[in-house]
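First residue of the sequence shown: 6, per my numbering; consecutive thereafter.
Down below is the structure, laid out as structure tokens.
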Amino acid sequence: MDNTRVFKMTFAGVYPLYIQKAEKKGRTKAEVDTIIYWLTGYDEHTFQKQIDGKVNFEEFFAQAPQINPNVSKITGVICGYRVEEIEDKLMQQIRYLDKLVDELAKGRAMEKILRQEQGSL
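Here it is, written out as structure tokens:
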């Protein structure tokens with residue numbers, strides 16, 4: 006499968022679609038941002054620079070401060086593929102984000118989306 010087209014899409018072009026998907030289901034832009042920050046290590050300032058710079062997905066993930074070490078806890082099917090079985094690292098990271106936004110839109114609790122342990126202090 007040739008993923009070049011997806012990799013070259015600007016993140017700023019897709020980001021509003023993530024927000025729209027969440028807001029249609031009563032969730033917020035702030036929650037989408039929280040998911041992105043958790044996954045990538047960006048903060049509000051560094052994330053906005055990526056949006057303003059119109060970076061593509063390849064650059065967005067390559068420049069991410071730190072992919073969350075708990076990404077291995079993200080499992081399930083998105084776009085017909087099991088995210089944990091996707092071999093291309095970049096496509097897997099893109100699908101992780103898709104999966105997390107999908108979980109948000111389906112009403113899942115934020116603690117579960119962010120793979121936080123129950124009862125941890």
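Quick reminder that beta carbons are idealized off the backbone N, C-alpha and C, glycines included.
From a predicted model like this one, the values you see are computed outputs, not experimental measurements.
If you check the CB distance, residue 95 and residue 52 do not come in under 8 Å.
Ranked by Cα distance from residue 45, the options 86, 101 and 88 are led by 101. Pairing residue 81 with residue 57, the inter-Cα distance amounts to about 32 Å. Under DSSP, residue 82 forms a beta bridge with 87.
In this structure the region 101-111 touches the region 73-87; the number of beta carbon pairs closer than 8 Å is three or more.
For residue 119, no alpha helix (DSSP H) segment is defined, and its DSSP state is neither H nor E. Looking at the backbone, the Cα of residue 108 and that of residue 93 are separated by about 22 Å.
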